[in-house]
Amino acid sequence: MFSVYIPFLFAALLGRLFIPRVLILSHRKRLFDMPDERKTHDSPVPRLGGITFLPILLICVCLMTGVWVDKGMPFQILELDTLVIRLVLLFVGMMILYLVGVVDDLIGVSYQPKFLAQIISAIFFPLSGLWIHDLSGLFWIHEIPAWVGIPLTVFVVVYVTNAINLIDGVDGLAAAICFVAFTTLGLAAKGHYILMIVAFGMLGILLPFWSYNVFGNIEKGHKIFMGDTGSLTLGYLVSFFLIYMASGSGVDFPREMLIIGLSTMAVPMFDIVRVVMARIRNHRNPFLPDKNHIHHKLLRTGIGPRWAMLILILLSLSIILVTEWCVDLEIGNTWIFLIDVGIWLVFDYTVNYFIQQNHRLRYE
Amino acid sequence: MLYISLFVPFLLNIILTTYIIPRILVVSVRKDLVIPSETMSKGRLRVPRLGGVSLFPILVISVGSTIVLLLSLFAESFLRLEDKISFVQYMFGMAGLTTMYLLGVMDDLLGVSITSKLIIQTLAASLIPMSGLWLDDLHGLLGIFELPVWIGMPLTVLMVLYITNAIPMLDDVDGLASGLAMIAYSVLGWLAYLAGEPLVMIVCVAMTGMLIPFFYRNMMVRRIGWRNIYLGDTGGLTIGYVLSFVVIVLSRMGGTKLPDGVIMTCFGTLIIPMFDVFRVAITRMINHRNVFQRDNNHIHHRLIQGGMRPMAVLVTILLITAFFVVFNMIGVWSDWNLSLLLVGDVIVWIVIQVVISYFKNKNRDLINNG
């Protein structure tokens, strides 16, 4: 249990120490997010919370791995140098996204360089030998060749990273969805101690951040957002886990790891598809922001932001649970995927119904 | 393999740093993160001190990608990373470096009180001996050979703290910190090459590469009209921590892979900041002032008071450093007694101080008289 509790508590402690400092810093130096029409808040709130994630994770993972190896604990996964390649490339990619994110949070970056950075850091996964080489029955496809699998991997990484980035619009939503995802993935990584250290270390950071994000008082200046730095690094880390487990499925992990991993990210991923389709239908640029994401829609039904967050988390949890249940029943990955889409569609239509009711109420 | 580990980090870092520096400048000017320096720069344009923020991320990116490249090309011959102990050492060093980086950023932007600064630095510094890297042998320096654990470990922590805090002092003259660190890193990188330690060499080459654009920019400010940038505390702490890590790794190899007593060559690259901090601290103690309070008594301040222009100060100090490096190297390689070598260093240092004091007094008299 060394790899679960200690990284978790250590990272939580570091986050608890460091986030207030970032708050003071951004207030004193006026590093605010100026309210614009897309965001759902209206007084200045610092959005530098994300800059704490990478350094704390780095400290935590390095220390824990060091102690782990030093104490001669069992290394079940791989030989050390394959592991080193993967961990190092993970942190190199995260660092690139971190730099882009910090600049974006401070002065703003247009979407082309951001995209470029995401693609470059996504290519690191196939380089270190991590790519989806087996869909394990999703759409009745099993083994796939490298020239399909590698672009697919890059696509999934960029997709997940952006999905987290775009869902980050209501207090605590992105952090909480990642929290659920990391818990699932960390528990699924049973026996792979390094992965567990990374997952639970990240959970530990998210906990203090989440409480500041949701319960922080704006007037007292205790509220903080994760900003693009946070969402990019979080999304990259989540996709690292997805790809790692999917590429080891059938060998190191159960065969259904791909679908379980994807189900943890189902809410933001399905939402992006819907939003992009809506934008294309309206002949607008699919990369420019608007107010059509699922959390915006939930707010339009007339409920408060905390309830919106809670509902989406319950949705995410239920999709994960249904997926795991279906995996136990062994009904095939394609059907599980379709069931997930079904749950999503039902939810979406329910939200649409409530929006219409809310509008009608307002007009009458 | 040698060429890759030399040129990839070097060129990558020059490119990355050249790309990032203007962005840091834009951010710090637009967000008004420019802090006035307390000691120098009277009436000049305020200089952003955030240059050092870029060092740590670039180091991670470049060293990481070089390691991965080498591991995937020369898996069997490269890096004895299956060697568990060095893996632990690098992991701990990385954690300490991240801590230093966070501390430095906070210090540059907000200012951290000296107590908490020292506590955090001690924590980060004690990670190095905890991973098994401590000075276990002085090789006859001052007549001491083997050191027991309970002396060696605190000594290592002290050394790390000392070096880490000595580097930010130099940041007041354009290009001094980066120039001195570049000399130190090139010498240490060469030693690492002699010792056959590719990883240490990559780190040294990477640090040299990323300091070149800073040095160049600092040199070219007046001529082209670029905006100047200082390394700040973040830079000083990062440089100092990596430097002390490398110095300790290499010192431990004295007698096995490197000549006996290479410890003097390693510390010889840092003689100027180390001796100077020592002298300044003693002067402050004699004058009953706070040891940690900044003042204008460092070697570069004294040289400026002696009537030199900043550029001349830079050249002088770099030349003195080069002299010390060569002197110690000759001494170690021709097997002199280390204690005598240390005495020689101290004597040269004192002579230099006397000369500086002479010119300083002369200059003061000149100003006072007319």
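As given, the protein sequences belong to chains H and B, one line each in that order. Taking the working numbering, the leading residue of the first sequence gets 1, the next gets one more, and so forth. Taking the working numbering, the leading residue of the second sequence gets 365, the next gets one more, and so forth. Built from N, CA and C at the ideal position, the CB exists for glycine as well. Note that the structure is predicted; figures quoted are calculated from it, not measured.
*Against chain B: residues of the region 2 to 29 of chain H by CB proximity under 8 Å*: Near chain B, meaning a CB-to-CB distance below 8 Å, the residues of the region 2 to 29 of chain H are Phe-18, Arg-21, Ile-24, Leu-25, Arg-28, Lys-29.
query: Three or more C-beta pairs closer than 8 Å, one from the region 606 to 621 of chain B and one from the region 685 to 693 of chain B: is that the case here?
result: no
Requested in this report: Jot down the residue ranges of each uninterrupted beta strand (DSSP E) in the region 443 to 525 of chain B, minimum 3 residues, whole runs only, in chain order.
Outcome: You should have 501 to 505, 508 to 510.
On the criterion of 16 or more Cβ atoms from any shown chain inside 10 Å, does H/Ile-294 qualify as buried, or is it exposed?
buried
Discussion item. Taking the straight line between their C-alpha atoms, what separation do you get for H/Asp-134 and H/Ile-150?
Written reply: Going by the C-alpha atoms only, they are around 11 Å apart.
Notebook entry, point to check: Nearest chain B C-beta to H/Val-84 closer than 8 Å, yes or no?
Noted result: yes
_Looking only at its chain, what residues have a beta carbon closer than 6 Å to the beta carbon of B/Asp-699, apart from the 5 residues adjacent to it on each side?_
Taken in chain order, the list of residues that qualify is empty.
* Within chain B, partners of H/Tyr-353 - CB distance below 8 Å -> Those within 8 Å of H/Tyr-353 in chain B number zero; the least Cβ separation is about 45 Å.
At a CB-CB cut-off below 7 Å, which residues of chain B make contact with H/Asp-70?
Simply Val-452.
Residue-chain proximity (H/Leu-187, chain B), Cβ-Cβ < 8 Å:
no
Return the chain-ordered list of same chain residues with a C-beta closer than 6 Å to the C-beta of B/Thr-463, the five sequence neighbours on each side being excluded.
Within its own chain, the residues whose Cβ lies closer than 6 Å to the Cβ of B/Thr-463, once the five positions on either side in sequence are excluded, are Ala-488, listed in chain order.
- Query: Run through DSSP, which three-state label would H/Val-275 get?
  - Reply: helix
- request: Look up B/Leu-622 in the DSSP assignment and say whether it is helix, strand or coil.
  value: The three-state secondary structure of B/Leu-622, taken from DSSP, is strand.
Quiz prompt | Range of the contiguous alpha helix (DSSP H) that encloses B/Met-365 | solution = That residue, B/Met-365, is in no alpha helix (DSSP H); it is neither H nor E in DSSP.
inquiry  = I'd like the span of the alpha helix (DSSP H) that includes H/Thr-233, first residue to last.
reply    = Bounds of the alpha helix (DSSP H) holding H/Thr-233 are 227 to 247.
Review point. What do you reckon, are the CB atoms on B/His-664 and B/Leu-540 nearer than 8 Å?
Key: yes
* Asked: So is B/Ala-545 in contact with chain H if we call contact Cβ pairs under 8 Å?
  -> no
H/Asp-290 by DSSP, collapsed to three states: which one? coil
Sorted by chain position, which residues of the same chain lie with C-beta nearer than 6 Å to B/Thr-633's C-beta, five sequence neighbours on each side aside? Ala-548, Val-551, Val-689, listed in sequence order.
_Span of the alpha helix (DSSP H), counted from its first residue to its last, around B/Val-710_ = 702 to 733
> For the region 465 to 488 of chain B, which residues have a CB atom closer than 7 Å to at least one CB atom of chain H, in sequence order?
Replying inline: Going along the region 465 to 488 of chain B in chain order, one finds Tyr-465, Leu-466, Met-470, Leu-473, Leu-474 with a Cβ nearer than 7 Å to chain H.
field: Proximal residues of chain H, C-beta to C-beta of B/Phe-639 below 7 Å
entry: Per Cβ cutoff of 7 Å: no residues; B/Phe-639 is ~33 Å from chain H at best.
Report task. For chain B, find out if any of its Cβ atoms is closer than 8 Å to the Cβ of H/Cys-369; answer yes or no. Result -> The structure shown does not extend to residue 369 of chain H, since chain H is modelled only from 1 through 364, so no value can be given for it.
Quiz item: So what's B/Val-655 in DSSP terms, helix, strand or just coil?
Solution: B/Val-655 carries a coil assignment under DSSP once its states are collapsed to helix, strand and coil.
* Among residues of its own chain, excluding the 5 on either side of B/Arg-591, which ones have a beta-carbon nearer than 7 Å to its beta-carbon? -> Leu-389
Checklist line | Proximity to B/Pro-735 [Cα-Cα], best of B/Ser-608, B/Asn-701, B/Ile-431 | finding: Since the displayed chain B opens at 365 and closes at 734, residue 735 of chain B lies outside it and no answer follows.
Notebook entry, point to check: If we count Cβ pairs, one from each stretch, closer than 8 Å, do we get three or more for the region 297 to 306 of chain H versus the region 152 to 161 of chain H?
Noted result: no
How should H/Val-275 be labelled, buried or exposed, when 16 other C-beta atoms within 10 angstroms of its C-beta is the threshold for buried?
-> buried
- Put H/Asp-168 into one of helix, strand or coil per three-state DSSP. In the structure shown, H/Asp-168 adopts coil according to DSSP, grouped into three states.
May I ask which residues mark the beginning and end of the alpha helix (DSSP H) holding B/Tyr-605? That run of the alpha helix (DSSP H) goes 596 to 615.
Could you check how far apart the C-beta atoms of H/Gly-221 and H/His-27 are, in whole angstroms? I think they sit under 8 Å. 5 Å
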